[in-house]
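Enquirer: Pasting in a structure now, in structure tokens, and then I'll have a few things to ask.
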Amino acid sequence: MSAGQPLELAPLFGDYPLDRAFDEMREPGGEVRAQYRALAETLASLPPDELARRKQSVDLAFLTQGITFTVYGREEGTERIFPYDLLPRLITAQEWERIERGLTQRITALNLFLRDVYSDAKILADHVVPRELVYSCRHYRRQMRGLQVPRNVYVAVVGTDLLRMNNGEFVVLEDNLRVPSGVSYMLTNRRILKRTFPQLFASYGVRPIEHYPQLLLATLRSLAPEGRPEPNIVLLTPGVFNSAYFEHTYLARQMGIDLVEGRDLLTHDNIVYMRTTDGLKRVDVIYRRVDDDFSDPLIFRGDSALGCAGLFNAYRAGNVTVANAFGTGLADDKAVYAYVPQMIRYYLDEDAILPNVETFLLSDDTQRAHVLANLDKLVVKAVGESGGYGMLIGPRSTRSQREEFARQIEANPRNYIAQPTLDFSRAPCLIDDRLEPRHVDLRPYILFGDKVNIVPGGLTRVALEKGSLVVNSSQGGGSKDTWVLQS
Amino acid sequence: MVEEYRAASEKTKMLSRVADSLYWMSRYLERAENTARLLDVTMSLMLDTAAVNAEARWQRMAAALGKPADAAWDGGLDAMALKLVFDRLDPSSVIYCVNAARENARQVREEISTEQWQRLNRLFHQIHAPLAERQFSSNMGDLLASVVDGIHLFQGVGDSTMIHGQGWQFIRLGRSLERAYATATLLEVYQPELFQAQERERSGYQYLELVGLLRSCTAFEAYCQVYTADLSPDRMLEFLVLNRDFPHAIRYCVDTIRSAIESIQRTGGRRSPDELNAGVGKLHALLGYTTIREILAGDPAAFLHDIRAQCLRIHELIYRYYVHYSIQSALAV
Chain X
2 MSAGQPLELA PLFGDYPLDR AFDEMREPGG EVRAQYRALA ETLASLPPDE
52 LARRKQSVDL AFLTQGITFT VYGREEGTER IFPYDLLPRL ITAQEWERIE
102 RGLTQRITAL NLFLRDVYSD AKILADHVVP RELVYSCRHY RRQMRGLQVP
152 RNVYVAVVGT DLLRMNNGEF VVLEDNLRVP SGVSYMLTNR RILKRTFPQL
202 FASYGVRPIE HYPQLLLATL RSLAPEGRPE PNIVLLTPGV FNSAYFEHTY
252 LARQMGIDLV EGRDLLTHDN IVYMRTTDGL KRVDVIYRRV DDDFSDPLIF
302 RGDSALGCAG LFNAYRAGNV TVANAFGTGL ADDKAVYAYV PQMIRYYLDE
352 DAILPNVETF LLSDDTQRAH VLANLDKLVV KAVGESGGYG MLIGPRSTRS
402 QREEFARQIE ANPRNYIAQP TLDFSRAPCL IDDRLEPRHV DLRPYILFGD
452 KVNIVPGGLT RVALEKGSLV VNSSQGGGSK DTWVLQS
Chain D
2 MVEEYRAASE KTKMLSRVAD SLYWMSRYLE RAENTARLLD VTMSLMLDTA
52 AVNAEARWQR MAAALGKPAD AAWDGGLDAM ALKLVFDRLD PSSVIYCVNA
102 ARENARQVRE EISTEQWQRL NRLFHQIHAP LAERQFSSNM GDLLASVVDG
152 IHLFQGVGDS TMIHGQGWQF IRLGRSLERA YATATLLEVY QPELFQAQER
202 ERSGYQYLEL VGLLRSCTAF EAYCQVYTAD LSPDRMLEFL VLNRDFPHAI
252 RYCVDTIRSA IESIQRTGGR RSPDELNAGV GKLHALLGYT TIREILAGDP
302 AAFLHDIRAQ CLRIHELIYR YYVHYSIQSA LAV
């Protein structure tokens with residue numbers, strides 16, 4: 002391709018709008034960004050309905066292979082295919098280098114924070130993070146106090162949500178330190194895209210991600226209790242009715258480990274066993290996809306049938322590793338999030354490479370007054386929720402919704418934070434045979450065992466509804482393959 | 002290299018819950034097939050009016066499916082047939098068994114092959130299609146045949162795509178046990194009629210009934226190959242109970258059960274299930290060394306009843322050793 006030669010993109014883009022929001026593919030003037038030129042040329046060279054045809058064949062593949070998630074609220078859990086977009090999202094080598102450094106720094110600090118809070122709590126004594134903020138957190142687990150975890154790793158698997166702002170820089174929207182999901186879609190998207198655009202993929206020099214299951218297995222293995230050189234590693238799922246059940250079966254199969262449910266496990270003398278056809282077999286590492294609350298009815302919720310009674314005591318005795326550790330939700334509380342830059346400074350003596358989004362803490366009187374006066378411009382979120390639940394998007398809310406939120410904030414200010422309504426980046430998506438811009442975020446997956454590992458890329462989530470800012474799959478979001486370029 | 006090899010050999014045992022699901026997936030599919038075939042055979046027998054009246058035939062089939070003896074007969078043959086296929090609450094209906102099989106398969110998605118899963122899914126969607134129920138009375142035979150076909154495809158695809166490890170053996174175990182039990186039940190139900198009429202005075206209608214019995218086990222053609230079309234009750238009983246090469250014969254099923262259990266033990270082996278071996282070995286020896294003359298000299302009904310009881314016992318022992326074993330016994334090893 003010769004640079005500067007005008008591309009005939011008019012039919013493809015139609016009246017594709019460009020405004021203040023950063024467009025992943027096009028400069029504000031309408032020019033296609035350098036890294037996207039080859040993609041644009043390929044698209045322009047395809048016959049008109051070729052894209053739609055390829056999309057159909059991928060749809061069929063998803064359906065027959067049962068790559069689905071379960072939607073709640075119907076009689077029998079309804080299975081749907083995960084919505085996806087065929088056009089890849091590109092990230093240049095320089096952009097990725099910065100993201101990778103920023104995430105490594107962040108995960109390191111968050112781990113140190115968890116270790117500190119659950120042992121000496123120096124950061125609280127030094128008034129860097131307010132004590133009442135930590136101890137009032139719904140996900141703080143007092144049972145974790147003074148407990149030694151293997152390699153001091155509390156969060157082995159993290160999914161951090163990044164947004165790209167108008168200036169082209171990435172910021173951190175939130176960290177998911179409990180049971181982040183979606184990685185199976187990242188891997189599936191890649192497989193599909195390689196089949197759909199083989200030459201284009203080869204010509205771009207995309208960094209591979211397919212080794213994620215192996216890295217995850219190595220991470221879990223590195224956290225095994227001492228004296229267990231051939232650890233038995235299992236994935237604990239809540240079961241077939243969980244919306245991420247496909248991902249659990251997928252990862253278990255890819256790693257070659259057993260997929261267990263709580264009812265397969267039992268403890269005896271603080272050792273966890275699973276029931277096999279050949280008797281009981283000791284379990285050494287549990288990759289846990291069940292929330293804290295449901296993990297052990299003796300310690301957490303007594304009415305949970307999903308966990309394993311006695312698991313926590315076996316864990317406390319050091320006979321089994323559970324990843325992620327219990328109580329990590331403390332550090333992804335949306336109010337604690339506001340202090341991550343201070344944590345990075347406190348523990349690492351560095352400035353945060355990836356900035357936070359400006360966040361108002363509603364337990365602070367001044368900030369609360371400001372937020373309540375500007376509810377129509379801000380986004381309000383419940384601190385302990387994830388998946389896009391418990392949220393008010395000011396500019397799109399009705400008066401009664403705002404009044405309802407104002408009441409709830411007044412009743413329990415600690416439970417909410419507010420952020421400006423963000424104008425984050427958009428990427429072109431294939432909508433009815435045409436390209437239209439949709440808001441996207443980026444969730445890279447970070448693994449932390451004996452070292453930090455991040456597969457280049459992650460899940461680019463798309464708000465498929467026009468103008469929508471919500472990318473969560475539970476709220477109608479889809480995804481794209483993410484190509485991190487070698488150069 | 003050595004490490005990898007060891008890790009692979011460790012994976013031969015499987016979770017009890019997974020074994021349980023595979024076993025029941027397989028049993029339910031065999032049961033669905035059995036219901037579909039018995040219904041098909043019975044409905045086509047009904048086309049010939051006969052000494053055996055419709056009610057008696059229906060009751061006989063119901064008894065062969067393990068329904069209570071007083072299973073309601075309301076005379077509406079089509080409606081009853083429809084229920085036996087589509088009643089989601091009747092545990093012997095085709096749809097109930099297919100649903101249960103798929104639900105079991107869904108819980109062990111990581112254990113069965115994608116091809117198997119797709120076959121089972123197709124069968125499930127086929128029987129749940131809105132048209133299937135509405136058009137049932139006009140093409141009952143087609144639908145029942147396609148259910149049986151779908152199950153055969155599932156088994157074939159499983160045999161050629163799934164690793165023949167423990168999971169596959171549990172599938173074989175479920176199928177064979179269900180089949181041995183079903184054949185024994187069927188023969189026990191038919192057995193009084195079978196010996197009622199003497200060979201010489203047999204009418205065309207009675208001949209049809211005997212063909213019906215063989216077809217209920219897909220055994221008509223196989224029987225003819227071995228004994229010619231001369232249908233004698235003694236030989237039929239011999240064929241369906243003692244033949245070692247016919248897949249629906251009880252002896253063949255028990256041989257398969259034995260080989261599946263041996264294979265499961267080879268890959269496990271920490272605990273030796275003496276009682277289970279004894280239970281299977283006893284039934285195996287009974288079928289291997291008893292002659293049809295001995296059976297006929299005694300009480301054939303009691304003989305068949307005893308086989309069913311032994312099958313149930315084997316089922317319990319499989320559970321006790323592989324699925325619901327007590328923790329104390331497992332910790333003691």
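Chains X and D are the protein sequences, given in the same order.
Following this note's numbering, the numbering of the first sequence begins with 2 at its first residue and continues without gaps.
Following this note's numbering, the numbering of the second sequence begins with 2 at its first residue and continues without gaps.
Cβ atoms here follow ideal geometry from the backbone N, Cα and C, with glycine treated the same way.
Quick caveat, the model's predicted, so the values are computed rather than measured.
(1) Closer than 8 Å, Cβ to Cβ, to anything on chain D: give me those residues from the segment 212-225 of chain X, in chain order.
(2) In its own chain, which residues sit with a C-beta less than 7 Å from the C-beta of X/K1, not counting the 5 before and 5 after it?
(3) Below 7 Å CB to CB, which residues in the same chain sit around X/D334 once its five sequence neighbours on both sides are set aside?
(4) Bridge partners of X/T161, per DSSP?
(5) At the 8 Å Cβ level, is X/R254 part of the contact set with chain D, yes or no?
(6) Mapping the DSSP letters down to three states, classify X/P342 as helix, strand or coil.
(7) Where does the unbroken beta strand (DSSP E) through D/H316 begin, and where does it stop?
(8) If you pair each beta-carbon of the segment 398-410 of chain X with each one of the segment 365-382 of chain X, do three or more pairs fall below 8 Å?
(9) Does DSSP put X/G280 in a helix, a strand or coil?
(10) From X/F14 to X/R99, what does the alpha carbon distance come to, in whole angstroms?
(11) Straight-line CA distance for D/P301 to D/M44?
(12) Beta strand (DSSP E) containing X/R439: first to last residue?
(13) Nearest to X/G257 by CA position, among X/L237, X/H269, X/Q215 and X/T268, is which residue?
(14) Do X/V463 and X/C430 have their beta-carbon atoms positioned less than 8 Å apart in this structure?
(15) Is the shortest distance between the beta-carbon of X/S480 and the beta-carbons of chain D less than 8 Å?
(16) Are there 16 or more other CB atoms within 10 angstroms of the CB of D/C218, so buried, or fewer, so exposed?
(17) According to DSSP, is D/S27 helix, strand or coil?
(18) According to a CB-to-CB cut-off of less than 9 Å, which residues of the segment 13-27 of chain D neighbour chain X?
(19) Just to confirm, does D/R18 get its C-beta within under 7 Å of one of the non-hydrogen atoms of the ligand ATP?
(20) Does DSSP classify X/I258 as helix, strand or coil?
(21) Is the segment 96-116 of chain X touching the segment 149-168 of chain X, taking contact as three or more C-beta pairs under 8 Å?
(22) Enumerated in chain order, which unbroken segments of the alpha helix (DSSP H) with a length of 4 residues or greater are wholly contained in the segment 111-169 of chain D?
(23) Output needed in chain order: residues of the segment 8-32 of chain X with a Cβ under 7 Å from some Cβ in chain D.
(24) If you draw a straight line from the C-alpha of X/K123 to the C-alpha of X/P342, how long is it?
(25) Going along chain X in order, which residues have a C-beta closer than 7 Å to the C-beta of D/R89?
(26) Per DSSP, which residues does X/G479 bridge with? Please list them.
(27) If we call anything under 8 Å between Cβ atoms a contact, is D/E239 one with D/E31?
(28) Can you give me the C-alpha to C-alpha distance between D/A1 and D/R110, rounded to a whole angstrom?
(29) Quick one: does X/H269 have its CB under 8 Å from some CB of chain D?
(30) Please classify X/P298 as buried or exposed, where buried requires at least 16 other C-beta atoms within 10 Å of its C-beta.
(31) Excluding five sequence neighbours on each side, which residues of the same chain lie with their C-beta closer than 6 Å to the C-beta of X/P113?
(32) Where does D/P193 fall in DSSP's three states?
(33) Within 10 angstroms of the Cβ of D/Y208, are there 16 or more other Cβ atoms? Answer buried if so, exposed if not.
(34) Inspect the beta-carbon positions of X/N271 and X/A315 and report whether they are closer than 8 Å.
(35) What's the call for D/Q136, buried or exposed, on a 16-neighbour Cβ count within 10 Å?
(36) Whether or not the segment 405-415 of chain X and the segment 436-454 of chain X are in contact is what I'm after, with contact meaning three or more pairs of Cβ atoms, one per stretch, closer than 8 Å; do they touch?
Expert: Based on what the coordinates show:
(1) none
(2) What is shown of chain X runs 2 to 488, which leaves residue 1 of chain X out entirely.
(3) Result list for X/D334: C138, H140, V384 and G385, in chain order.
(4) X/D176
(5) yes
(6) helix
(7) It is not in any beta strand (DSSP E) - D/H316 instead sits in the alpha helix (DSSP H) that spans P301 to I319.
(8) As far as the Cβ criterion goes, the segment 398-410 of chain X touches the segment 365-382 of chain X, which means the pair count is three or higher.
(9) strand
(10) Straight-line Cα distance between these residues: approximately 31 Å.
(11) 27 Å
(12) Per DSSP, X/R439 is one residue of the beta strand (DSSP E) stretching across R435 to H440.
(13) Looking at X/L237, X/H269, X/Q215 and X/T268, the one whose alpha-carbon comes closest to that of X/G257 is X/Q215.
(14) yes
(15) Not closer than 8 Å to any Cβ of chain D, the Cβ of X/S480 fails to qualify, so no.
(16) buried
(17) helix
(18) T13, K14, M15, L16, S17, R18, V19 and A20
(19) In the structure on display, the ligand ATP does not appear, and there are no ligands present to speak of.
(20) coil
(21) yes
(22) 115-129, 131-135 and 141-162
(23) none
(24) 17 Å
(25) In chain order: nothing, as chain X lies at least about 11 Å away.
(26) X/V463
(27) no
(28) Only positions 2 to 334 of chain D appear in the structure, and residue 1 of chain D is not among them; the question remains open.
(29) yes
(30) buried
(31) Note that residue 113 of chain X is Leu in the sequence shown here, rather than Pro. Only Y348 meet the Cβ criterion.
(32) helix
(33) exposed
(34) yes
(35) exposed
(36) As far as the Cβ criterion goes, the segment 436-454 of chain X does not touch the segment 405-415 of chain X, which means the pair count is below three.
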